[in-house]
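In terms of this note's numbering, the first sequence is numbered consecutively and its last residue is 582. Have a look at the structure below, then the notes.
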Amino acid sequence: MALQIFNTLTGVVEPFETLEPERVKMYVCGPTVYNTAHIGHAMSALVFDIIRRYLEYRGYSVQHVQNFTDVDDKIIQRANEEGRDPLALAEGYIAEWHRHVQDLNLLPATAYPRATTTMNEIIALIGTLIERGHAYAADGDVYFRVRTDADYGKLSHRSVDSMRSGARIAPDERKEDPLDFALWKGAKPDEPAWESPWGGGRPGWHIECSAMIFKELGQRIDIHGGGNDLIFPHHENEIAQSESATEQSFARYWVHNGMLQMRSSAGVIEKMSKSLGNFVTIDDFLAEHPADVLRLMVLGSPYRAPLVYDAGTLAENERKLERLMSALRPAAGTTASGPAVEGLEAALRQARDSFETAMDNDFNGPGATAALFEMVRAINTARDAGVGGPPFDAVQATFRNITGVLGLQLEAQAAGAEEVGPFIELLIKTRADLRKAKQFALADQVRNELAALGVILEDSPQGTTWRWK
RNA sequence: GGCGACGUAGCCAAGUGGUAAGGCAGAGGUCUGCAAAACCUCCAUCACGGGUUCGAAUCCCGUCGUCGCCUCCA
């Protein structure tokens, strides 16, 4: 079966066909860098990281562009509050994001354009829109003339008329129509400004994405992604601008992830956001949990659906990670042929098929992880049956390969192991002597006290191993 | 009010016409001095009400409920 993707534009799952053979042009909206990122931002990045990895697994060469909105009202506001230069403030959060990319094991995008480094292209694009009658300058600002775009609203599936009747659009006397949106904002005193034919100012939010896409990927792209909170107005406006300027279709597939939601202590479930104050920063999360736990959380729910974050989902995914890691424990036996080996290999092949079928079906993470757990059981069962040697190693390598397609690292927490390892080994040896002498109370005391320090001992016929809890 | 998504066991969740994957939690068992881990077994008729069909969780209509967007937002 071939890859199928849900397209927000059409509202249905469609076969995936690229503009050019074996090549995918993908643009994903990145963060506005005015504040520290939280795990909701991470979720979106993880979703598209997984999509990209799977496309590459399927043989596509992926051009993956992610932007930084590094000049906008919020950045300016925040900089003013802190008495800092807005561009320096943005620069700091961009550096922080690049660190998150590493910490979360995200594949770096192939390009990271910014609004401030795309200024010439933005100004040129606005000029084109004005020439074609799709935009107009007004008192230092430039607005997009929404009524010149016949199919405005097609992405968010709403009509211009229904939006006009909505009361929530603030009227602005400079606009010809309340729905018109800013392409260029004239600068007030003390605001960062770039020279343009319409005076000093800065780009509106939406235009930068269109300009960056044209610059980095061309006038047409395969996949445009982002959070589903961007569908309207951001992506709707991007389509309007882009297609009005180029007179051809802009992005083939619009892919949107659902929002990360937070369950409050009162049980209320709401979107995680800065403004509500119900967020967990990426750094805070990673201080307590491996990045794989967050990735498993994201994989454990369909990417388009909202994902509720609470203590329960956290604990559940920590256990999932432990279980996946159990498949990587070394073989104890040496059986390298026979029915047990054949059964293992057959089970792996079947699970791999299930994995691909699930991922081909609009990147079905829960289905794909289920296939992973089938591999885990097959591998552990085979180990218990004495399978070992090259066939066992090969199967584990396959398992690692597949988990790697999802971006899972499955690395044992090694922090401090070099320093404390010898001491723990010493205690394990002492405990072994105590057990040999039937001094079980003392032996258990060693184990319990280590457990209190976060070190789990596990006995097996081959000896005792330890791991961090 | 408008638009959209969704409602499967205690929880997360797969399945989109032929009698319910997987994970967590729980129960029993194997192993162990005891644990832990691993392995085995058990644990749901799919929000509700109609309809279409030989047959529906899966299609249609309605009701209730949840979330998102309509303003900055991943």
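In this text, a Cβ means the ideal position worked out from N, Cα and C, and glycines have one as well.
Classification of residue i by the beta-carbon crowding that lies within 10 angstroms, buried from 16 upward
i                 : result
aspartate 303     : exposed
glutamine 558     : exposed
alanine 554       : exposed
glycine 520       : buried
histidine 270     : exposed
arginine 397      : Correcting the residue type first, residue 397 is aspartate in the shown sequence and not arginine. By the 10 Å Cβ count, aspartate 397 comes out exposed.
glutamate 562     : exposed
alanine 459       : exposed
serine 439        : exposed
phenylalanine 536 : exposed
lysine 288        : buried
aspartate 198     : exposed
glycine 534       : exposed
arginine 408      : buried
serine 362        : exposed
alanine 280       : At alanine 280, the pLDDT of 47 sits below 50, so the modelled position is not reliable; the number obtained from the coordinates is stated separately. Exposed, since its Cβ has fewer than 16 Cβ neighbours within 10 Å.
lysine 549        : exposed
glutamine 578     : Note on identity: in this sequence residue 578 is threonine, with glutamine being the wrong assignment. Burial call: exposed.
leucine 539       : exposed
lysine 551        : exposed
asparagine 514    : exposed
arginine 430      : The sequence given here has asparagine at residue 430, not arginine. That one is buried.
glutamine 526     : exposed
threonine 543     : exposed
glutamine 268     : It is worth fixing the name first, because residue 268 is leucine in this sequence and not glutamine. Burial call: buried.
leucine 566       : exposed
serine 573        : exposed
serine 450        : exposed
Coil, strand or helix - residue i by DSSP
i                 : result
glycine 250       : Note that residue 250 corresponds to alanine in the displayed sequence, not to glycine. Three-state DSSP puts alanine 250 in a strand.
glutamate 531     : helix
alanine 295       : strand
tyrosine 265      : coil
threonine 149     : coil
tryptophan 210    : helix
asparagine 120    : strand
phenylalanine 129 : coil
aspartate 224     : In the sequence as presented, aspartate is not what sits at residue 224; that position holds alanine. Note: alanine 224 maps to strand in three-state DSSP.
threonine 578     : strand
tryptophan 311    : coil
aspartate 216     : helix
lysine 328        : helix
aspartate 303     : coil
aspartate 285     : coil
arginine 277      : helix
arginine 260      : helix
arginine 136      : strand
Nearest neighbour of residue i, chosen from the options [CA to CA]
i              : options                           : result
arginine 212   : Gly446, Thr482, Leu399 and Ala564 : Leu399
glycine 413    : Thr394, Met472 and Ala464         : Met472
valine 78      : Glu204, Gln190, Phe476 and Glu130 : Residue 78 lies beyond the stretch modelled for the chain, which goes from 114 to 582, so this question has no answer here.
arginine 227   : Arg277, Ile239, Lys138 and His319 : His319
isoleucine 569 : His151, Ile541, Lys549 and Asp423 : Ile541
glycine 446    : Thr543, Glu329, Gln575 and Asn350 : Gln575
asparagine 218 : Thr577, Leu292 and Glu524         : Glu524
proline 443    : Gly502, Ala449, Arg432 and Asp293 : Gly502
leucine 159    : Phe476, Arg245, Arg513 and Ile382 : Phe476
isoleucine 163 : Ile207, Tyr206 and Leu220         : Leu220
isoleucine 94  : Lys267, Gly314 and Glu531         : Nothing about residue 94 can be reported from this structure: the residues present for the chain run from 114 to 582 only.
valine 593     : Leu168, Glu133 and Val137         : The structure shown does not extend to residue 593, since the chain is modelled only from 114 through 582, so no value can be given for it.
glutamine 522  : Ala418, Asp466 and Pro403         : Pro403
serine 377     : Asp423, Trp367 and His348         : Asp423
threonine 131  : Met488, Ser174, Thr123 and His154 : Ser174
histidine 247  : Asn233, Ala208, Leu202 and Asp293 : Asp293
alanine 155    : Asp497, Gly340, His347 and Glu571 : Gly340
valine 393     : Ala237, Asn148 and Gly153         : Gly153
glycine 172    : Gly266, Gly143, Arg136 and Tyr140 : Arg136
Cβ distance (whole Å) where residue i is taken to contact residue j below 8 Å
i                 : j             : result
valine 184        : threonine 229 : 6 Å
glycine 312       : lysine 298    : Their Cβ separation, rounded to whole angstroms, is 10 Å, which puts glycine 312 and lysine 298 out of contact at 8 Å.
alanine 115       : proline 134   : At roughly 14 Å, the Cβ-Cβ gap does not stay under 8 Å, so alanine 115 and proline 134 are not in contact.
valine 273        : valine 255    : Rounded, the Cβ-Cβ distance is 20 Å, inconsistent with contact.
phenylalanine 119 : arginine 417  : 6 Å
asparagine 493    : glutamate 321 : No, asparagine 493 and glutamate 321 are not in contact; Cβ-Cβ is about 50 Å, not under 8 Å.
>> Please give the ranges of any alpha helix (DSSP H) in the stretch 162 to 208, keeping only runs that are unbroken, at least 4 residues long and fully inside the region.
In response: 186 to 195
> Taking only runs of the beta strand (DSSP E) that begin and end inside the stretch 445 to 511, which ones reach a length of at least 3 residues, in chain order?
Replying inline: none
> What runs of the alpha helix (DSSP H), each 4 residues or longer, lie entirely inside the stretch 338 to 396?
Replying inline: 349 to 359
> What beta strand (DSSP E) runs, 3 residues minimum, are completely inside the stretch 518 to 576?
Replying inline: 568 to 573
> Fully enclosed by the stretch 396 to 441, which beta strand (DSSP E) runs are 3 residues long or longer?
Replying inline: 420 to 422
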